[in-house]
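Asks: Quick one: this structure, given as structure tokens, is what I'll be asking you about.
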Amino acid sequence: MFSHTRPVPAPALESKVTKTTLKSDQPTWCPGCGDFVVLGAFNRVLEKLQIPQHNLVTVAGIGCSSRLPYFVNTHGGHFIHGRALSFATGVSLGRDDLRVVVFGGDGDGFSIGGNHLDHTARKNINMTYVIMDNSVYGLTKKQTSPTSPVGFKSKTDPAGAFDPPVVPMRRLLGTGATFVARTHVAQLQHMTDMIERAMRHEGFAVLEVLTHCAEFFDTAFDSMNPRKGGRFDLIQEKKNDGTPEDANRHDVTDRDAAFKLASLPSPGVFGVYFEVKEPTKNQREAELMALQQERAKHADDLTLLQAAFNRVK
Amino acid sequence: MASAASTPTPSAPTNVAGAAARTVRDVVIRLAGNSQDGIQAIGGFLARLAGRSDQEVMTFMTIPATISGGPSIFQVRMGSGEILSPGDRADLLVAFYQHSYDAHRAQVRDGGVILYDSDHVKPDPQDARVRAVGVPITSTTIEATGGNAKEKGKNIFVLGLIARLFDLNVAKLKGIMEERFGKKAPDVLRNSLLTFDAGYAYDLGDELRSTFEFGPPRAPKSGDGRALVTMDGNQALVYGLITGGVRFGAAYPITPASSIMEDLRAGLSKYGGMYVQCEDELAAIAVALGFSYAGHVAVTNTSGPGMSLKMEALGWAVMAEMPLIIVNVQRGGPSTGLPTMVEQSDLLQAVCGTHGDAPRVVLAPATVGDCFYAAIEAAQLAREYSVPVIILSDQALATRIEAYPEPDLKKLYVKPNLELKPHSGDYLAYSLKEPTRHVPPGTPMLAGKYPIVTGLEHDESGHPNASPGNHQTMTIRRREKIKVLAAKLPVPEVYGDQEGDVLLIGWGSTFGQIREATNQLRAQGRKVGHLHIRHIHPLPHGLESIFARFRRIDVVEINDEGVYGFGQFTTLLRARYANPAIRSICKTDGLTFKVKEIVDGVARLDATP
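Residue numbers (numbering that gives the first Met the number 0), protein chains in the order written: chain G, 0 to 312; chain E, 0 to 608.
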């Protein structure tokens, strides 16, 4: 079956994916920025998964977090504000041999790119999307973001923000994404586990990472950080082990239950909210391609073109 | 593109009611009704028939922006001579309703014929300029289909009338109907054929008993016996893109560009490709750029308002030097404007639109056949120069049906190619010495460093770099490659007089009308040439010396003369050549130019030196 989405792969290379091979530019983030932790966790997952480095593509929009592709040694695209998911859609649908990971902030995901989040998720396009939410516009030096809490004082809301913020987990569940999870930069191991599970998911996996801005909103997620007096409560996933306590555990395939968790008051809970296996658009398109090629009796391009012109003679 | 030298096209015979069957060179038939009457369908049948009979054909259509209902026309000009435009005035008008009669009877030439539906239309008894013949189209159609009270099938009845009137090839026409209706329920085809026969058998009376007969077909333009193919401009673009090796793209529906995405969506999968319907125009260009980055030169298609939305991503494509094809099927603007009518008012947007200094390529196909070749060229230029290429089509070109010689597919076909060979040594995507070359993801980089494509200013390696001097160096680099491209463009040829009074310049869909106007002006003894420019940006070399041979250069374009008195292409040419002899013939009525309007425009400029 001929398909442009599955090109002849490059010959396999012997080299292992290590911390050294992944090393790229020195990050330009401010000292103390939570984004360093995300980069560290991502590198640990790449070392563990050993996906050939040349088949990795990191994509980002605009913002502090969106600089991440420069700091990890993969093929990558630094696209425009809000449209990283759409660009990544072309990469993913165009090439089944690639693994696409998108990084962006709360502005990209919940504000300027909100429409693309809905539709990329609904179409279940095969990619991993890490939203690095710091609840402030940091790169442009402290304006209100779509997730800034009511009362947050910024340069655009000097008297305190009063527009109700987006509730990320409810928003993400509402998009129809087939994998939705939440983690926090103060929990490196948990974050690493979540990134790994998201990357192992087949389909559109979205992960919200709470990552404070050291410069403009250092305290944003203290209430979820036990070291700063907050609570970091984990979702207990159903094990189907028949024990009485299992009845109270969360069924990750139950969307309504996931919405209930998403509606818990701050600080909420962390872990996998929702995970189901559904056909991806990548698969559906491949099936359509196969069906149409079979109907066309696997004719070559020139035969098909000539037939088209014969019909309009 | 119709390139063969042509002789001035004589008008159709002056008397339809001549005593004997006579040979005509070409005939203009205008069908006027409402949009749900299916007049586009029979117009399409006539166009296809003409193509199959080796006759030249060109159509012109207006459709209302409403979903169903509203006045609509379809004009077919067919004949055995070279057909350059859909024709200024009709030889035959078929009027389905009173409003059709009222609105269009002035468009019939002196001595022309109006066939009107006597169930709906009361003609003006005082009008002796034309011959009006009443046919109870509605009631006879209902009779023919066995009392079906719905007014469906009137179009097919009229097709029968026309077939009889012009002695068209009935067997071929029925064959076309079978292709169209054969896949539907069996009674659809049966009813259609019955209705057609009823129209064909209808007695038009003594006055119109004589029939037209087309002269023998000219030899096909290609000269090597290739058949004519019949399609509209959007279809020609689709086949050109596929022939040129484009297999991927994305779009959002917008009139009058949607049929491009519909055909690519339905057609590309069997070629192993994919066309994605996106949530909006912003996503569409971004998905297309994702495909291009992934190694498949991609296309996105739209119309003016959608083009505006794509502008930011166009800037990224210029900065990252990513190949991309953007088709803008222009309509009347600004804003929602005239979605189903024609205008050439997106030219400056195509050339200059988006932020920053952002050189790109703009092509404007001149005919339906040229849409096919422009698409192939756009794909080739996008690949070779790693640059976004905009194809400026328009509503008239998109919807009109023309016959053109079947292209030599074997010769033109470009096989899509995606190579993922390991890359050794240093990688400089944006080398100052070499053309831009991207390595698609999936390519192992043996030196160990993987590239990021970016919208940030960057150095030769693609690495972000805001240092003094670098932006200037790279801006010059992006500009210079367009100049290299310009130097390789063919110098367009002047048709008609090579020096003299007036050089008529056109771009895009106005080709045929300008060519006919040139013929008419020369027949009046004026020394007039016609230069049609396909490469809008960059401009080809050699235009200065052509301009210098004419006293005046009149640029014909369907847009406004603007605050300073010059149309958009005129403005560009004046800025480029600083030649005060360059003037404008502009209009913005949402319709294609009539030949007469161009001839009158030249006279107007004569009067205002």
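Glycine residues also receive a C-beta, built at the ideal position from the N, C-alpha and C atoms.
Keep in mind it's a predicted model, so treat the numbers as computed, not measured.
1) Would you kindly check if the distance between the Cβ of Glu-515 of chain E and the Cβ of Val-452 of chain E is under 8 Å?
2) Comparing alpha-carbon positions, which option in E:Lys-173, E:Val-438, E:Pro-333, E:Cys-370 lies nearest Val-296 of chain E?
3) Hey, is Leu-272 of chain E's beta-carbon within less than 8 Å of any beta-carbon in chain G?
4) Give the range of the beta strand (DSSP E) segment to which Asn-133 of chain G is assigned.
5) Tell me Asp-553 of chain E's beta-bridge partners as DSSP assigns them.
6) Please go through the same chain and pick out, in chain order, the residues whose beta-carbon is closer than 7 Å to the beta-carbon of Val-71 of chain G, but skip the five residues on each side of it.
7) Please state if the CB of Thr-254 of chain E and the CB of Ile-400 of chain E are separated by a distance shorter than 8 Å.
8) Helix, strand or coil for Gln-291 of chain G, going by three-state DSSP, please let me know.
9) Would you say Pro-12 of chain E reaches chain G, if we count a Cβ-Cβ gap shorter than 8 Å as a contact?
10) For Cys-585 of chain E, count neighbouring Cβ atoms within 10 angstroms of its own Cβ and tell me buried if that reaches 16, exposed if not.
11) Once you ignore the five residues that flank Gln-385 of chain G on each side, which residues in its own chain have a CB closer than 6 Å to its CB?
12) Going by the DSSP bridge assignment, what does Glu-459 of chain E pair with across the sheet?
13) Quick one: measure Cβ to Cβ for Val-75 of chain E and Ala-46 of chain E, integer angstroms, because I've assumed they're closer than 8 Å.
14) Check the Cβ-Cβ distances between Arg-128 of chain E and every residue of chain G, and say whether any is below 8 Å.
15) Please specify which runs of the beta strand (DSSP E), each continuous and at least 3 residues long, are wholly inside the segment 104 to 167 of chain G, giving them in chain order.
16) Determine the extent of the alpha helix (DSSP H) in which Tyr-238 of chain E is found, giving its start and end residues.
17) With respect to the alpha helix (DSSP H) encompassing Glu-103 of chain E, which residues constitute its N-terminal and C-terminal limits?
18) So what does DSSP say about Lys-22 of chain G, is it helix, strand or coil?
19) Measuring CB to CB, does Gly-93 of chain G end up less than 8 Å from Ala-293 of chain E?
20) Is there a Cβ of chain E sitting closer than 8 Å to that of Phe-78 of chain G, yes or no?
21) When you compare the CB of Gln-52 of chain G with every CB in chain E, is at least one pair closer than 8 Å?
22) Quick one: which residues of the segment 290 to 317 of chain E get their C-beta closer than 9 Å to a C-beta of chain G? List them in chain order.
23) Going by DSSP in three states, Gly-271 of chain E sits in which element: helix, strand or coil?
24) Tell me whether the beta-carbon of Glu-274 of chain G lies closer than 8 Å to the beta-carbon of Val-251 of chain G.
25) Chain G beta carbons: is any one of them nearer than 8 Å to that of Phe-180 of chain E?
26) Report yes or no: do three or more beta-carbon pairs, one from the segment 234 to 247 of chain G and one from the segment 190 to 201 of chain G, lie closer than 8 Å?
27) Would you say Asp-90 of chain E and Val-132 of chain E are within 8 Å of each other, going by their C-beta atoms?
28) Would you please verify whether the beta carbon of Arg-82 of chain G is less than 8 Å from any beta carbon of chain E?
29) When burial is assigned at 16 or more other CB atoms within 10 Å of the CB, is Cys-212 of chain G buried or exposed?
30) Residue ranges of each alpha helix (DSSP H) run of no fewer than 4 residues wholly in the segment 352 to 423 of chain E, ordered along the chain?
31) Considering only the beta carbon of each residue, do Asn-224 of chain G and His-183 of chain G sit closer than 8 Å?
32) Whose CA, out of G:Gly-137, G:Gly-108, G:Val-166, lies closest to the CA of Pro-148 of chain G?
33) Establish whether the CB of Ser-268 of chain E and some CB of chain G are separated by less than 8 Å.
34) Check the Cβ-Cβ distances between Pro-8 of chain G and every residue of chain E, and say whether any is below 8 Å.
35) Over what stretch of residues does the alpha helix (DSSP H) that includes Leu-192 of chain E continue unbroken?
36) Under the DSSP definition of a beta bridge, which residues are partnered with Gln-329 of chain E?
Replies: Taking the definition as stated:
1) In the second sequence, the residue the question calls residue 452 of chain E occupies position 453. In the second sequence, the residue the question calls residue 515 of chain E occupies position 516. Result no, Cβ atoms of Val-452 of chain E and Glu-515 of chain E do not sit closer than 8 Å.
2) Locating residue 296 of chain E in the second sequence gives position 297, counting from the first residue. When each option's Cα is compared against that of Val-296 of chain E, the closest is E:Val-438.
3) Sequence index remark: in the second sequence, residue 272 of chain E carries index 273 (1-based). Here residue 272 of chain E turns out to be Gly, not Leu, going by the sequence shown. Yes - at least one Cβ of chain G is within 8 Å of the one on Gly-272 of chain E.
4) Within the first sequence, residue 133 of chain G is the residue found at index 134, counting from 1. From DSSP, Asn-133 of chain G is part of no beta strand (DSSP E); its letter is neither H nor E.
5) As a first step, residue 553 of chain E is located in the second sequence; it is residue number 554 there, counting from the start. According to DSSP, Asp-553 of chain E bridges with E:Leu-503, E:Arg-582.
6) Residue 71 of chain G sits at position 72 when you count from the first residue of the first sequence. Within its own chain, the residues whose Cβ lies closer than 7 Å to the Cβ of Val-71 of chain G, once the five positions on either side in sequence are excluded, are Leu-21, Ser-23, Leu-38, Phe-41, Asn-42, Thr-57, listed in chain order.
7) Translated into the one-based positions of the second sequence, residue 400 of chain E becomes position 401. Translated into the one-based positions of the second sequence, residue 254 of chain E becomes position 255. Cβ atoms of Ile-400 of chain E and Thr-254 of chain E: not closer than 8 Å.
8) In the first sequence, counting from the first residue as 1, residue 291 of chain G sits at position 292. Helix.
9) As a position in the second sequence, residue 12 of chain E is number 13, starting the count at 1. Because the pLDDT at Pro-12 of chain E is just 36, under 50, the model does not fix this residue reliably, and the value given afterwards should be weighed accordingly. Among the CB atoms of chain G, none fall inside 8 Å of the CB of Pro-12 of chain E.
10) One-based indexing of the second sequence puts residue 585 of chain E at position 586. Result: buried.
11) In the structure as shown, chain G begins at 0 and stops at 312. Residue 385 of chain G is therefore absent and cannot be evaluated.
12) Locating residue 459 of chain E in the second sequence gives position 460, counting from the first residue. Per DSSP, none; premise fails for Glu-459 of chain E.
13) On the second sequence, position 76 is the one that residue 75 of chain E refers to. On the second sequence, position 47 is the one that residue 46 of chain E refers to. Between Val-75 of chain E and Ala-46 of chain E, the beta carbon gap of about 6 Å places them in contact (Cβ cut-off 8 Å).
14) Walking along the second sequence from the start, residue 128 of chain E turns up at place 129. With 8 Å as the cut-off, Arg-128 of chain E does not count as an interface residue toward chain G.
15) 126 to 132
16) Position 239 of the second sequence, counting from 1, holds the residue named residue 238 of chain E. Run containing Tyr-238 of chain E: 232 to 242, per the alpha helix (DSSP H) assignment.
17) One-based indexing of the second sequence puts residue 103 of chain E at position 104. Before going further, note that residue 103 of chain E is His rather than Glu in the sequence given. Note, His-103 of chain E: alpha helix (DSSP H), 97 to 103.
18) Position 23 of the first sequence, counted from the start, is the residue given in the question as residue 22 of chain G. Three-state DSSP puts Lys-22 of chain G in a strand.
19) Taking the first sequence and counting its residues from 1, the one referred to as residue 93 of chain G is at position 94. Taking the second sequence and counting its residues from 1, the one referred to as residue 293 of chain E is at position 294. At a Cβ-Cβ threshold of 8 Å, Gly-93 of chain G and Ala-293 of chain E count as neighbours.
20) What you label residue 78 of chain G is simply residue 79 of the first sequence in a count that begins at 1. Phe-78 of chain G counts as touching chain E.
21) The residue you call residue 52 of chain G lines up with position 53 of the first sequence. Yes, Gln-52 of chain G counts as interfacial toward chain E.
22) Phe-290, Ser-291, Tyr-292, Ala-293, Gly-294, His-295, Ala-297, Glu-311, Ala-312, Gly-314, Trp-315
23) Translated into the one-based positions of the second sequence, residue 271 of chain E becomes position 272. In the structure shown, Gly-271 of chain E sits in coil (DSSP, three-state: anything other than H, G, I, E or B).
24) One-based indexing of the first sequence puts residue 274 of chain G at position 275. One-based indexing of the first sequence puts residue 251 of chain G at position 252. In this structure, Glu-274 of chain G lies near Val-251 of chain G, with their beta-carbon atoms less than 8 Å apart.
25) The residue you call residue 180 of chain E lines up with position 181 of the second sequence. Not one chain G Cβ lies under 8 Å of Phe-180 of chain E.
26) no
27) The residue labelled residue 90 of chain E in the question sits at position 91 within the second sequence. The residue labelled residue 132 of chain E in the question sits at position 133 within the second sequence. Not a contact, by the Cβ cut-off of 8 Å.
28) Within the first sequence, the letter at position 83 stands for residue 82 of chain G. Contacts with chain E at 8 Å (Cβ-Cβ) include Arg-82 of chain G.
29) What you label residue 212 of chain G is simply residue 213 of the first sequence in a count that begins at 1. Buried is the call here.
30) Counting only runs of 4 or more, we get 367 to 384, 394 to 398, 408 to 411.
31) Position 225 of the first sequence holds residue 224 of chain G. Position 184 of the first sequence holds residue 183 of chain G. Yes, the pair counts as a contact, with Cβ atoms nearer than the cut-off.
32) For the purposes of this step, residue 148 of chain G is taken as residue 149 along the first sequence, with counting starting at 1. Comparing Cα-Cα distances from Pro-148 of chain G to each of G:Gly-137, G:Gly-108, G:Val-166, the minimum goes to G:Val-166.
33) In the second sequence, the residue the question calls residue 268 of chain E occupies position 269. Ser-268 of chain E counts as touching chain G.
34) The residue given as residue 8 of chain G occupies position 9 in the first sequence. Pro-8 of chain G belongs to the set of residues whose beta carbon lies under 8 Å from a beta carbon in chain E.
35) Against the second sequence, residue 192 of chain E aligns to sequence position 193. Looking at the DSSP string, the run of the alpha helix (DSSP H) that includes Leu-192 of chain E is 185 to 200.
36) In the second sequence, residue 329 of chain E corresponds to position 330, counting from 1. Its beta-bridge partners are E:Asp-393.
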